[in-house]
Ligand SMILES: Nc1ncnc2c1ncn2[C@@H]1O[C@H](COP(=O)(O)OP(=O)(O)O)[C@@H](O)[C@H]1O
Ligand SMILES: [Mg+2]
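Protein chains in written order, with the numbering used here: chain P, 812 to 1084; chain C, 466 to 822.
This is the structure in structure tokens:
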């Protein structure tokens, strides 16, 4: 029965499809890894084997780019964006779910609607706003617009539905004020929700490109994504050097994901048990 | 001494009133049980006492101090929740000491009180576990321990046993009764289970639809219910209710059961108008061989419990009557029987459900 032709055909189709998808998502990584070891010419020619130019590429990257400064800029922006987004958006999501008020749902729906506005439409007004506040070419300007994330608020509100209201009652009887309930009960109980949100926010902030490209204008403030793209769009781009850069730029998100994938999956499944 | 007092207490959500004026006196050391069907407002009333719900109208005093606007943690109460509500990220020890830590009690004193409670509840070996690693019964004991360490004046329990299996429920019920003695504590306890209410309470408060129907000791409510609802709610199996009629004849006023062969329940004329329909209530265990009134019935179904038998019997008019008997082993389905009872044990209720005496 397991070997009848229909089953075999469906297995072939399934594995074929999964294999194709796996190839499509892994191929860029392989290309990136091999590319970093080849000269620019070989990459353009389409060489897909390990080469001997790794040391040269790394040396070139470090002379072309002020690596410590660029990473420091990226790290600063990412850490501030992540901490502030998690703090503000989790408070908002918790508040939306826990506290009743007459206009709650209307406000919430309005907030969700903002998810449908493409960033391109907001870019110019945001830029003008930052200009008025004299924040152009600062990291504050990069971080500020990302803090109130409608998606993360939504995610926290959904997860808060599983937070038992009797825990809040117990905490009130134990003498906790609202902010203490949030800090000492909600945050630790929801830590896998925070972990999942952390990964999402961290990656978004680290990989953020379009907005920093607009507000960061001097080389002293630029983040890694901007620097790599400027390398790639040079008149004679050295693709080997670009590949070294992308590998270095991918490492932090890979590391974060590697260490937190268990919490990430848990958070996606629902954190209160 | 009256410790907890409710005066005309009401609660509305929006325009909808769920507690419709409750007056209640609870004495120090008393075990009071709120009982009633689901949705009648027991939890709401308890949560108002705890300070978790605002009181829309009326006064709540504890030790003669008005408590309406006092913070839950300052009312001298502790609460045990239905879901236990243990903090999942803390060990048993931390759970129990948490309130004290927030109240600024010194570490050594916290430690002492936690150990004391752990001894009472035999929680010693579990102190360093997380709630996740405990069974339902153990979590329940931790929840009680968390209440005990605070040395409250009043313990509040909201359906604490409803998440446990039947055997554990009986065990914990005995445990809670023992605790009440040992701590000489005042306890307000909510349940929808009348057996729990009967076995635990010094005083039962029967509620329905946001109103207190009757307050009294378990046996008072059982023997002397004020109305049809209380009569039907207290006692298991339920009291039988039969259609009757008030009649005057030789020897006084009776509630007669016109459909049945020979059954007259004497009542005083003061409360009854001849010719009005009434409901006559007879408890299953009040059927006795030497009774002077009788019902002619056909047995539908039998439940043999060994010690006693419950016979579900039907009258020609379709009314079902449950009879409890000690010597029913010989009975069979579709047997015709004459069930005798003492008319003095029967209760009479008017059409509105009020008891006629
Ligand atoms: N927060 C609330 N908002 C509106 N209605 C409520 C709220 N809490 C309880 N109720 C209503 O109050 C009534 C009593 O509820 P509750 O006290 O929980 O009943 P019980 O504990 O006796 O089962 C129910 O009809 C319930 O729907
Ligand atoms: Mg309830």
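Note that beta-carbon positions come from the ideal geometry of N, C-alpha and C, so glycine has one too.
Please list the terminal residues of the continuous beta strand (DSSP E) segment that includes residue 876 of chain P.
Run containing residue 876 of chain P: none; DSSP gives neither H nor E here.
Could you tell me the distance, in whole angstroms, from the CA atom of residue 599 of chain C to the CA atom of residue 1070 of chain P?
Annotation: residue 599 of chain C to residue 1070 of chain P spans about 29 Å, alpha carbon to alpha carbon.
For residue 774 of chain P, tell me which candidate among P/964, P/1067 and P/941 has the shortest Cα-Cα distance.
Nothing about residue 774 of chain P can be reported from this structure: the residues present for chain P run from 812 to 1084 only.
Measuring CA to CA, which of P/952, P/933 and P/823 is closest to residue 941 of chain P?
P/952
For residue 1084 of chain P, collect the residues of the same chain with a Cβ closer than 8 Å to its Cβ; drop the 5 residues on either side in sequence, then sort them by chain order.
Confidence at residue 1084 of chain P is low in this model, with a pLDDT of 47, below 50, so its placement is unreliable and the value that follows should be read with caution. Here the set comprises nothing.
Kindly indicate if chain P contains any beta-carbon less than 8 Å away from that of residue 650 of chain C.
no
With a threshold of 7 Å (Cβ to nearest heavy atom), would residue 980 of chain P be considered close to ligand 2?
no
Hey, out of C/800, C/527 and C/504, whose CA is closest to residue 468 of chain C's CA?
For residue 468 of chain C, the nearest C-alpha among the options comes from C/527.
So, helix, strand or coil for residue 801 of chain C, using DSSP?
In the structure shown, the three-state DSSP call for residue 801 of chain C is strand.
Tell me whether residue 487 of chain C counts as near ligand 1, meaning its Cβ is closer than 7 Å to at least one heavy atom of that ligand.
no
Thinking C-beta only, is residue 803 of chain C closer than 8 Å to residue 761 of chain C?
yes
Using the C-alpha atoms, what's the distance from residue 637 of chain C back to residue 738 of chain C?
49 Å
Can you tell which of P/948, P/893 and P/836 has the C-alpha that lies nearest to the C-alpha of residue 1029 of chain P?
Nearest of P/948, P/893 and P/836 to residue 1029 of chain P, Cα basis: P/948.
Would you mind listing the beta strand (DSSP E) stretches within the region 552-623 of chain C that are 3+ residues and don't spill past its ends, in chain order?
619-623
Determine the closest residue to residue 568 of chain C out of C/799, C/541, C/549 and C/556, with distance taken between C-alpha atoms.
C/541
Measure how close the beta-carbons of residue 477 of chain C and residue 509 of chain C come, nearest whole angstrom, since I'm counting them as under 8 Å.
Rounded, the Cβ-Cβ distance is 10 Å, inconsistent with contact.
Which runs of the beta strand (DSSP E) fall wholly inside the region 724-796 of chain C and span at least 3 residues, in chain order?
Annotation: the region 724-796 of chain C contains the following complete segments of the beta strand (DSSP E) (minimum length 3 residues), in chain order: 729-732, 742-747, 758-769, 774-779 and 785-790.
If we define contact as Cβ-Cβ less than 8 Å, is residue 992 of chain P a contact residue for chain C?
no
Using a Cβ-based criterion (distance less than 7 Å to any ligand heavy atom), does residue 431 of chain C qualify as near ligand 1?
No answer is possible for residue 431 of chain C: it lies beyond the span of chain C, which begins at 466 and ends at 822.
Grab the span of the beta strand (DSSP E) containing residue 670 of chain C for me, first residue to last.
Unbroken beta strand (DSSP E) run through residue 670 of chain C: 668-673.
Where are the alpha helix (DSSP H) runs, 4 residues long or more, that stay fully inside the region 681-707 of chain C, in chain order?
683-688 and 693-698
Tell me the residue span of the beta strand (DSSP E) that contains residue 720 of chain C.
717-721
What's the call for residue 1017 of chain P, buried or exposed, on a 16-neighbour Cβ count within 10 Å?
buried
Closest by CA to residue 439 of chain C, which one among C/488, C/651 and C/812?
Any answer about residue 439 of chain C is impossible in this case: the structure gives chain C only from 466 up to 822.
By the criterion of Cβ-Cβ separation under 8 Å, what are the contact partners of residue 909 of chain P in chain C?
Per Cβ cutoff of 8 Å: no residues; residue 909 of chain P is ~14 Å from chain C at best.
Quick one: is residue 931 of chain P buried, meaning 16 or more other Cβ sit within 10 Å of its Cβ, or exposed?
exposed
Please tell me whether residue 975 of chain P has its Cβ less than 8 Å away from any Cβ of chain C.
yes
From the DSSP output, in three-state form, read off residue 481 of chain C for me.
In the displayed model, residue 481 of chain C falls within a strand according to three-state DSSP.
If you run the structure through DSSP and keep just helix, strand and coil, what is residue 546 of chain C?
In this structure, residue 546 of chain C counts as coil in the three-state DSSP scheme.
Quick check on residue 657 of chain C - is its C-beta less than 8 Å from some C-beta in chain P?
Interface criterion not met: the Cβ of residue 657 of chain C is under 8 Å from no Cβ in chain P.
DSSP three-state label for residue 1084 of chain P, please.
Only weak support is given to the placement of residue 1084 of chain P: the predicted model assigns it a pLDDT of 47, under 50, and the value that follows is read from those uncertain coordinates. Residue state, collapsed to three classes: coil.
Taking Cβ positions only, does residue 537 of chain C come closer than 8 Å to chain P?
Residue 537 of chain C counts as touching chain P.
By the 10 Å Cβ neighbour count, where 16 or more other Cβ atoms means buried, how is residue 634 of chain C classified, buried or exposed?
Residue 634 of chain C should be labelled buried.
Taking buried to mean at least 16 other C-beta atoms within 10 Å of its own C-beta, is residue 654 of chain C buried or exposed?
buried
Considering only residues of the same chain and omitting the five flanking positions on each side of residue 780 of chain C, which have a CB-CB separation below 6 Å?
762
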